[in-house]
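Just remember that my numbering sits 30 ahead of the position in the sequence shown, which is counted from 1.
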Amino acid sequence: MTTANDLQLNDRGQLRHFLSVEGLPQALLESIMDTAESFASVTEQTVKKVPLLRGKTIVNLFFETSTRTRTTFELAAKRLSADVLNVNIATSATTKGESLLDTIRNIEAMHVDMFVVRHAQSGAPHFIAHHVAPHISVINAGDGRHAHPTQAMLDVFTIRKHKGDFTQLKVAIVGDILHSRVARSEIHALRILGTREIRVVGPRTLLPAGIESLGVKAYYDLDSGLEGVDVIIMLRLQRERMNGAFIPSEHEYYARFGLTGKRLAQAKEDAIVMHPGPINRGVEIDSKVADGSRSVILQQVTHGIAIRMAVMSMAMRHDSGEKMA
Ligand code: CP
């Protein structure tokens, strides 16, 4: 039987595609973070470039909107000296009925080396990875409700920078877990890294039934869910993936699950506040908390560049015979 990791890893255990965090070895996640650490200094230099991917062509294929992920993938590719092609889906032949596979086949014919794919359909990046030529890598930039692996990696990278040892940490993920690919990928990454306790917090309508089977504790009350935690990850309501009424009103949701300064006091004194963005102020988080001293939300965005440089450079050496760091 073919597993997801038969597709993601080559026979030397090196990253070939990056489609999901689920089932990856702890050593590989740590290697991605260690590699990102080395790239973080590059992004602080006057000349923010290294020649690692010179001559390679990376294609950004975003079938869904994005601010942070698309731009940081582009910056990361440019800082690795790759050529970057941003395909504008709204003005592409997709609007004339061209299939996903035909779009891929045509761009592949331009001798490209990597596809970075965001798609509303869960599984679209896996589908593309099954069909591309052996030298091409596919990176999942978010597919439906399924996975957002580079977001999870930049989140655990941010947590590691602030808190160190995952085995000592209590982490609460708060909000619309049901529709969140970010939550799913974060839970897998945090578990692989040995996190002491992972909590999911939200109304019953927004926590998937049986979520405990992923190794998390479910809380339906924000104050108890935040008690004593080291890290709070807030999520927005993902209305684009909702097909019904999951909350009575945004006003009521904010009253019960919005992170305010008073609610934050339930967490440890040095707890950090995270959010993958985009944030909806006054819906899931108070501006004073989002912009406050405990917030590391903009640091997450900065770390996204180094993490994406790490993932792209590691995936690009899968067929070079080079050993993983
Ligand atoms: N975190 C995230 O995926 O943001 P964008 O939708 O702006 O890429």
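The C-beta atom is built at its ideal place from N, Cα and C for all residues, glycine as well.
Since this is a predicted model, take the numbers as computed values, not measurements.
Cut-off 6 Å between Cβ atoms - residues of its own chain near residue i, not counting five sequence neighbours on either side
i: I189; result: V261
i: K353; result: Confidence at K353 is low in this model, with a pLDDT of 42, below 50, so the placement of that residue should be treated as unreliable; the coordinate-derived value is given next. None.
i: P306; result: Q181, V212
i: N35; result: G53
i: L208; result: L236, P238
i: E257; result: Q296
i: V146; result: N90, F103, I169, A171
i: G224; result: F196, T197
i: T87; result: D113, V142, D143
i: H149; result: F93, D173
i: A154; result: D173
i: A66; result: F187, A336, I337, A340
Cβ-heavy atom distance, residue i to ligand 1, below 7 Å
i: G307; result: yes
i: H178; result: yes
i: R109; result: no
i: G174; result: no
i: T17; result: Not covered by the structure: residue 17. The range shown for the chain is 31 to 355.
i: S96; result: yes
i: Q181; result: yes
Beta-carbon separation (whole angstroms), residue i vs residue j, contact threshold 8 Å
i: L237; j: I217; result: Contact doesn't hold; Cβ gap of about 12 Å is too wide.
i: E270; j: K247; result: The Cβ separation is near 28 Å, so there is no contact.
i: F92; j: R100; result: 5 Å
i: S167; j: H47; result: 6 Å
i: L45; j: L58; result: 7 Å
i: G363; j: R229; result: Beyond the ends of the chain as shown, which are 31 and 355, falls residue 363; an answer cannot be given.
i: V303; j: M264; result: 7 Å
i: A159; j: L49; result: 6 Å
i: A109; j: T73; result: Per the sequence shown, residue 109 should be read as Arg rather than Ala. About 7 Å separates the two Cβ atoms, so the contact holds.
i: V204; j: M63; result: With 8 Å as the limit, V204 and M63 do not qualify as a contact, their Cβ atoms being about 24 Å apart.
i: I206; j: Q151; result: The sequence as given places Asp at residue 206; Ile does not occur at that position. That belief does not hold up - the Cβ atoms of D206 and Q151 are roughly 19 Å apart, past 8 Å.
i: A301; j: V331; result: Incorrect: roughly 20 Å between the Cβ atoms, too far for contact.
i: V80; j: P179; result: Not really, about 23 Å apart at Cβ, beyond 8 Å.
Residues near residue i by beta carbon distance below 7 Å, same chain, minus five either side
i: T124; result: T133
i: F69; result: A336, M339, A340
i: S279; result: none
i: L39; result: L45, R46
i: H161; result: L131, I134
i: Q329; result: T188
Proximity test, residue i beta-carbon vs ligand 3 heavy atom, cut-off 7 Å
i: P233; result: Because ligand 3 does not appear in the structure shown, any question about it cannot be addressed here, the ligands present being ligand 1.
8 Å Cβ shell around residue i - same chain, five flanking residues per side excluded
i: P233; result: Y250, F276, I277, Y283, R286, F287
i: G291; result: D316, K318, V319, G322
i: E242; result: A248
Original post:
Are the stretch 172-181 and the stretch 109-123 touching, with three or more C-beta to C-beta distances below 8 Å?
Top reply: Flag = no, the stretch 172-181 and the stretch 109-123 do not touch.
Original post:
If you pair each beta-carbon of the stretch 310-319 with each one of the stretch 340-347, do three or more pairs fall below 8 Å?
Top reply: Short answer: they don't touch.
**OP:** Jot down the residue ranges of each uninterrupted beta strand (DSSP E) in the stretch 84-108, minimum 3 residues, whole runs only, in chain order.
**Re:** DSSP runs (the beta strand (DSSP E)) wholly in the stretch 84-108: 87-92.
Subject >> Entirely enclosed alpha helix (DSSP H) segments - the stretch 318-352, minimum 4 residues >> reply: Counting only runs of 4 or more, we get 327-346.
Original post:
Going along the chain, which unbroken runs of the beta strand (DSSP E) with 3 or more residues stay wholly within the stretch 128-163?
Top reply: As far as the stretch 128-163 is concerned, its whole beta strand (DSSP E) runs of at least 3 residues are 144-149.
**OP:** Kindly provide the ranges of any beta strand (DSSP E) runs that are 3 or more residues long and lie completely inside the stretch 260-304, ordered along the chain.
**Re:** Runs found: 261-264, 302-304.
**OP:** Let me know the beta strand (DSSP E) ranges lying completely inside the stretch 172-238, each 3 residues or longer, listed in chain order.
**Re:** With a minimum length of 3 residues, the continuous beta strand (DSSP E) runs that stay inside the stretch 172-238 are 200-204, 227-231.
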